[in-house]
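Trainee: Sharing a structure, written as structure tokens. Questions coming.
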Amino acid sequence: MGQASSSASFSYQKQAQQQLAEIETIYQSAPIGLGVLDRDLRFVRVNERLAEMNGFSVEAHLGRTVQELLPNLADQAEAMLRPILATGKPLLKVEVSGETPAKPGVPRAWVESFWPLKDGDCIIGISIVCEEVTDRKRIEAERQQALDDLHQAKIELEQRVADRTAELSKINADLRQRKSILRSFFNSAAMLMGIVELHDNDILHLSDNWATAEFLGTTPQEIENRFASELGVPPATLERWLAYYREAARIQAPVRFEYCPDTGPGRGRWLAGSVCAVAGSPDGLPRFSYILEDITDRKQAEETLARREEQLRLTFEFTHIGTWDWDVRQDTVIWNDNHFRLLGLDPNATDDPYQSWRRAIHPNDLDRVEQALQDALHQHTDYETEYRVFYPDGTMRWLVGRGRGLYNADQQPIRMLGVVLDISERKRGEAERERAEQMQEFQAVITRNMAEGICVVRADNGMICYANRKFEQMFGYDSGELDGQHVSIVNYATKEVSAESVNQAIRQAVLDNLEATYEVHNVKKDGTPFWCSATTSVFEHPEYGMVLVAVQQDISDRKESQEKLQASLQEKELLLKEIYHRVKNNLQVVYSLLNLQSRNVPDPVALSVLRDSQSRIRAMALVHEKLYKSSDLTRIDLADYIHSLAYSLLETYHSSSNHISLHLAIEPYSLDIETALPCGLLLTELMSNSLKYAFPDGRPGEITISSSLGSNQQVYLRVGDNGIGLPSNFDLRRVSSLGLSLVRNLTQQIGGEVAIAPQVGGSAFQIVFPA
348 MGQASSSASF SYQKQAQQQL AEIETIYQSA PIGLGVLDRD LRFVRVNERL AEMNGFSVEA
408 HLGRTVQELL PNLADQAEAM LRPILATGKP LLKVEVSGET PAKPGVPRAW VESFWPLKDG
468 DCIIGISIVC EEVTDRKRIE AERQQALDDL HQAKIELEQR VADRTAELSK INADLRQRKS
528 ILRSFFNSAA MLMGIVELHD NDILHLSDNW ATAEFLGTTP QEIENRFASE LGVPPATLER
588 WLAYYREAAR IQAPVRFEYC PDTGPGRGRW LAGSVCAVAG SPDGLPRFSY ILEDITDRKQ
648 AEETLARREE QLRLTFEFTH IGTWDWDVRQ DTVIWNDNHF RLLGLDPNAT DDPYQSWRRA
708 IHPNDLDRVE QALQDALHQH TDYETEYRVF YPDGTMRWLV GRGRGLYNAD QQPIRMLGVV
768 LDISERKRGE AERERAEQMQ EFQAVITRNM AEGICVVRAD NGMICYANRK FEQMFGYDSG
828 ELDGQHVSIV NYATKEVSAE SVNQAIRQAV LDNLEATYEV HNVKKDGTPF WCSATTSVFE
888 HPEYGMVLVA VQQDISDRKE SQEKLQASLQ EKELLLKEIY HRVKNNLQVV YSLLNLQSRN
948 VPDPVALSVL RDSQSRIRAM ALVHEKLYKS SDLTRIDLAD YIHSLAYSLL ETYHSSSNHI
1008 SLHLAIEPYS LDIETALPCG LLLTELMSNS LKYAFPDGRP GEITISSSLG SNQQVYLRVG
1068 DNGIGLPSNF DLRRVSSLGL SLVRNLTQQI GGEVAIAPQV GGSAFQIVFP A
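Numbering of the sequence shown is given in our numbering, commencing with residue 348 and proceeding in unit increments.
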């Protein structure tokens, strides 16, 4: 699933990049000039067409002002552009005329539109759309003049031909004179003119002017009384003209048309013609006059304009801009397809655009939007408003509508043109920024009112850029007094360590681990040292970059309590050591007294009892001796304790144990005092039994003592010998001797179990108890 998501994301990015590349290609190849100015009216972006209009390369534009590049146009340009920067209102379809370095001394004309570019509410520049209309204006003027002349000439000519034809039979002399005048006009006219006679499937040319003859590549005399088919007119063209003449005869009115011949004379040229019926021949054959005008230049201008309009439409299409054209007087509106899509509608399935628009708008916005539209129209101001729309699937989007009214000479509105753009992402960003600002304010309130002191320090120079009120009070500073101070001002310094060294040590620990918790010795403004508990983290600040955020709490009282407690513990430790020492000494005195007593006891049984008592007292004395010498007054090292105790027992039984060796295998671990003392007595009883009974008659032997800590946190203590072994009927549970009874009781005291361990030769006991 993750791989598919990644692939889809990559595909989407690739499509987005391709679309951006296509838009950039359209931008650069657009036949109209496109550019962007910054607030200083410097060019920051132009396309090739605008650069060509101005007479400079694209690179020469960048970074230069209008005044620097186009001084002849700068004053009128700035007069239009400065108000846009001031008010944010676009200026659309303004005609500008003047000269540029591209064609010095040549008057030129442009139609320009300017839109403000905004970053939020801030105007950061102006977008330019410029279309040169110099040739079009000239062509339109010439075309209009020609059309006016042609129209007048056609009216006059038609009237004159009709009048002259009707009067032909009555006034021959006058006709000859008039015919001479008409012939002169006829032959000197720039348009193609002539009189023809219609036959079944051909056209007989009776009289044609020089313009027609030149068009056919001959003279008027060569054309006269010749059929069109003889003059090389293609059959398709002949059929077209026959149809025009027949239609004129049928309706008894002029027939006007335009066409572009595919073959024959005039191939590839656009012609506008008019044919009209005149008086027929004496034989009753219909006759017609014709007039033709070459309108190729006008057609090419119209095609160029149509291409530019299509390119502009594509620009809107690719930039997802909806356009609308409202005929105010007819109350009809025309949308482009993008406008439908921005409302979530199908362009091919919407009958009434205006009602569809009203239905899509959020009910709470509708009255405001319609009022803004009417106000702009009647107050002669630009229309701009933002509103919400609901798609058929329930999705809500934000749109902005912009428009400008067109007015007649009486300043009455006739049309309004405008665009619609989707600003949902901008609105979403604004909402997120607002939520972020609210959260920051909420966090600031929490920070200001926290019981802990908070300080923000720039990582690059160690300067304090923020301290909350608790931090300032903790260190004895007034509000804002720490801002801009170096953080080492709050670190306590000694002769050995400077305040800056303390700061650098903290800074390095935080940067290495991204966070550090520590105790630090600080100093107040009045010089009073005190202790704080602190946690410092690394944070990326939008204004200061990397910062260290320290949260500190005054722990002076706690430190003082800890120091008092530590002193008290040291006193108790000394007292406890003294107690251990005295107990050990007292037990040693008892041990010595028993030793002296044993020298005067001749009874072997009594002597044995004394030695057993000595061994037990020695085991207890050793525990207190080890605790007295240990840094930990609650635990003793088992290996060291067993070693000392075992060799002490050998010494106690020296008269009978000089032929016995001792083997120890003790893992290093410690026991608490409650377990160590019974463990020592257990070892004493078991080893004493081996020393007394395992090696009779002075036979040599070995006693083995081992101890290990299992994975189950159980201690395994084993005491064995290679002596004569135990009786065959020996049952530990039924033995009533004092020593082994002590073994059973002491084992139960430490929560363990005792058992006879299997061994070849001799005897062995194993005791298992919790560590």
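The beta carbon of each residue, even a glycine, is placed where N, CA and C say it ideally should be. This one's a predicted model, so the numbers in the text were calculated from it and none came from an experiment.
1. If you run the structure through DSSP and keep just helix, strand and coil, what is W617?
2. Can you grab the Cα-Cα spacing for the pair L829 / N869, in whole Å?
3. With a threshold of 7 Å on Cβ separation, who are the neighbours of W704 within its own chain once the five nearest residues in sequence on each side are excluded?
4. Can you name the residues that DSSP bridges to F533?
5. Taking the Cβ atom as the reference point for each residue, do I475 and L417 lie within a distance shorter than 8 Å?
6. Got a sec? Which residues, its chain only, sit under 6 Å from T1051 by beta carbon, not counting five neighbours each side?
7. Can you tell which of I708, E717, E605, L539 has its C-alpha closest to the C-alpha of N556?
8. Starting from I1114, follow the alpha helix (DSSP H) in both directions and report where the run begins and ends.
9. Is the number of C-beta pairs between the region 360-367 and the region 409-416 that are closer than 8 Å three or more?
10. For F877, which residues of its own chain have a beta-carbon under 7 Å away from its beta-carbon, when the five flanking residues on both sides are left out?
11. Counting only the same chain and skipping the five closest in sequence on each side, list residues whose C-beta sits under 7 Å from that of T610.
12. Given a cut-off of 8 Å on the beta-carbon distance, is the pair R616 and G627 in contact?
13. When the Cα of V443 is compared with those of A433, P454, L1073, which residue comes out closest?
14. Helix, strand or coil, according to DSSP, for R1046 in the structure here?
15. Pull up the DSSP beta-bridge partners for G669, would you.
16. Threshold first: 3 residues or longer. Then list the beta strand (DSSP E) segments lying entirely within the region 844-895, N to C.
17. Between which two residues does the alpha helix (DSSP H) carrying L420 extend?
18. Given that a residue counts as buried once 16 or more other Cβ atoms are within 10 Å of its Cβ, and exposed if not, what is N838?
19. Taking 8 Å as the threshold (C-beta atoms), are G541 and H552 in contact?
20. Using C-beta distances below 6 Å, list every residue in its chain close to V405, excluding the 5 sequence neighbours before and after it, in chain order.
21. Report the residue from Y891, Q759, L753, E487 whose alpha carbon sits nearest the alpha carbon of A806.
22. At which residues does the alpha helix (DSSP H) containing C607 begin and terminate?
23. So, are the CB atoms of R762 and W682 less than 8 Å apart?
24. Ends of the alpha helix (DSSP H) at D987?
25. Tell me where the alpha helix (DSSP H) around I570 begins and ends.
26. Put V341 into one of helix, strand or coil per three-state DSSP.
27. Is the beta carbon of E425 closer than 8 Å to that of N388?
28. Check whether the Cβ atoms of A560 and I570 sit closer than 8 Å, and answer yes or no.
29. Express the C-alpha separation of Q855 and S1053 in angstroms, rounding to a whole number.
30. Using a 10 Å radius around the Cβ and a threshold of 16 neighbouring Cβ atoms, would you call I502 buried or exposed?
31. Determine, using beta carbons only, whether E640 and L618 come nearer to each other than 8 Å.
32. In angstroms, rounded to a whole number, what distance separates the CA positions of V857 and A846?
33. Going by beta carbon distance, what residues of the same chain come within less than 6 Å of Y824, once the five residues before and after it are set aside?
34. Taking buried to mean at least 16 other C-beta atoms within 10 Å of its own C-beta, is Q375 buried or exposed?
35. Could you pull out every residue in the same chain whose Cβ sits closer than 8 Å to the Cβ of M810, ignoring the five residues on either side in sequence?
36. For S1002, I'd like the list of residues in its chain whose CB is within less than 6 Å of its CB, leaving aside the five on either flank, ordered along the chain.
Mentor: Let me spell this out:
1. Here residue 617 refers to the residue found at position 270 of the sequence shown. Coil at W617, not helix or strand.
2. The sequence position of residue 829 within the sequence shown is 482, counting from 1. The sequence position of residue 869 within the sequence shown is 522, counting from 1. Rounded to the nearest angstrom, the two C-alpha atoms are 14 Å apart.
3. Here residue 704 corresponds to residue number 357 of the sequence shown, with the count starting at 1. For W704, the CB contacts under 7 Å within the same chain, skipping 5 residues up- and downstream, are L690 in chain order.
4. Along the sequence shown, one-based indexing puts residue 533 at 186. The partner list for F533 (beta bridge, DSSP) is empty, contrary to what the question assumes.
5. Taking the sequence shown and counting its residues from 1, one reaches residue 475 at position 128. Taking the sequence shown and counting its residues from 1, one reaches residue 417 at position 70. Taking 8 Å as the Cβ cut-off, I475 and L417 do not qualify as a contacting pair.
6. Against the sequence shown, residue 1051 aligns to sequence position 704. H1010, G1067.
7. Against the sequence shown, residue 556 aligns to sequence position 209. Ranking I708, E717, E605, L539 by Cα distance to N556 puts L539 first.
8. Taking the first residue of the sequence shown as 1, we reach residue 1114 at position 767. Per DSSP, I1114 belongs to no alpha helix (DSSP H); it is in the beta strand (DSSP E), 1110-1117.
9. no
10. Walking along the sequence shown from the start, residue 877 turns up at place 530. If the five residues before and after F877 are omitted, its C-beta is found closer than 7 Å to the C-beta atoms of N869, K871, D901, S903, all from its own chain and listed in chain order.
11. One-based indexing of the sequence shown puts residue 610 at position 263. Closer than 7 Å at Cβ, skipping near neighbours: P581.
12. Residue numbering aside, residue 616 sits at position 269 when the sequence shown is read from its first letter. Residue numbering aside, residue 627 sits at position 280 when the sequence shown is read from its first letter. Result no, Cβ atoms of R616 and G627 do not sit closer than 8 Å.
13. The count along the sequence shown starts at 1 and reaches residue 443 at position 96. The residue with the shortest Cα to Cα distance from V443 is P454.
14. Along the sequence shown, one-based indexing puts residue 1046 at 699. Note: R1046 maps to coil in three-state DSSP.
15. Locating residue 669 in the sequence shown gives position 322, where the first residue counts as 1. Answer is V767.
16. 862-870, 876-888
17. In the sequence shown, the residue the question calls residue 420 occupies position 73. It spans 418-434 - the alpha helix (DSSP H) in which L420 sits, taken as one unbroken run.
18. Looking up residue 838 in the sequence shown gives position 491. Answer is buried; the Cβ neighbour count reaches 16.
19. Stepping through the sequence shown from its first residue, residue 552 is reached at position 205. Stepping through the sequence shown from its first residue, residue 541 is reached at position 194. Cβ distance < 8 Å, so H552 and G541 count as in contact.
20. Position 58 of the sequence shown, counted from the first residue, corresponds to residue 405. So the qualifying residues of the chain are V393, A398.
21. Residue 806 sits at position 459 when you count from the first residue of the sequence shown. Considering only alpha carbons, the answer is Y891.
22. Your numbering for residue 607 matches position 260 in the sequence shown. Looking at the DSSP string, C607 is not in any alpha helix (DSSP H), and its letter there is neither H nor E.
23. Residue mapping note: residue 762 aligns to position 415 of the sequence shown, counting from 1. Residue mapping note: residue 682 aligns to position 335 of the sequence shown, counting from 1. Between R762 and W682, the C-beta spacing is not below 8 Å.
24. In the sequence shown, the residue the question calls residue 987 occupies position 640. From DSSP, the alpha helix (DSSP H) with D987 extends over 985-999.
25. The residue labelled residue 570 in the question sits at position 223 within the sequence shown. Note, I570: alpha helix (DSSP H), 567-570.
26. As displayed, the chain neither begins before 348 nor continues past 1118, which places residue 341 out of reach and without an answer.
27. The residue labelled residue 388 in the question sits at position 41 within the sequence shown. The residue labelled residue 425 in the question sits at position 78 within the sequence shown. The question names Asn, yet the displayed sequence has Leu at residue 388. Contact: yes.
28. Within the sequence shown, residue 560 is the residue found at index 213, counting from 1. Within the sequence shown, residue 570 is the residue found at index 223, counting from 1. Yes.
29. Within the sequence shown, the letter at position 706 stands for residue 1053. Within the sequence shown, the letter at position 508 stands for residue 855. For S1053 and Q855, the distance between alpha carbons rounds to 51 Å.
30. In the sequence shown, the residue the question calls residue 502 occupies position 155. It counts as exposed.
31. The residue given as residue 640 occupies position 293 in the sequence shown. The residue given as residue 618 occupies position 271 in the sequence shown. Yes, the pair counts as a contact, with Cβ atoms nearer than the cut-off.
32. Counting from one through the sequence shown, the residue named residue 857 turns up at place 510. Counting from one through the sequence shown, the residue named residue 846 turns up at place 499. Near 17 Å, if we compare the C-alpha coordinates of A846 and V857.
33. By 1-based counting over the sequence shown, the position of residue 824 is 477. Hits under 6 Å: K872.
34. If you number the sequence shown from 1, residue 375 lands on position 28. Q375 comes out exposed.
35. As a working note, residue 810 is residue 463 in the sequence shown. Excluding sequence neighbours, M810 sits near V804, G831, Q832, H833, V834.
36. Position 655 of the sequence shown, counting from 1, holds the residue named residue 1002. Residue placement at S1002 is poorly supported in this model, since its pLDDT is 49, which falls under 50; the coordinates still yield a value, given next. Cβ within range, chain order: n/a, list empty.
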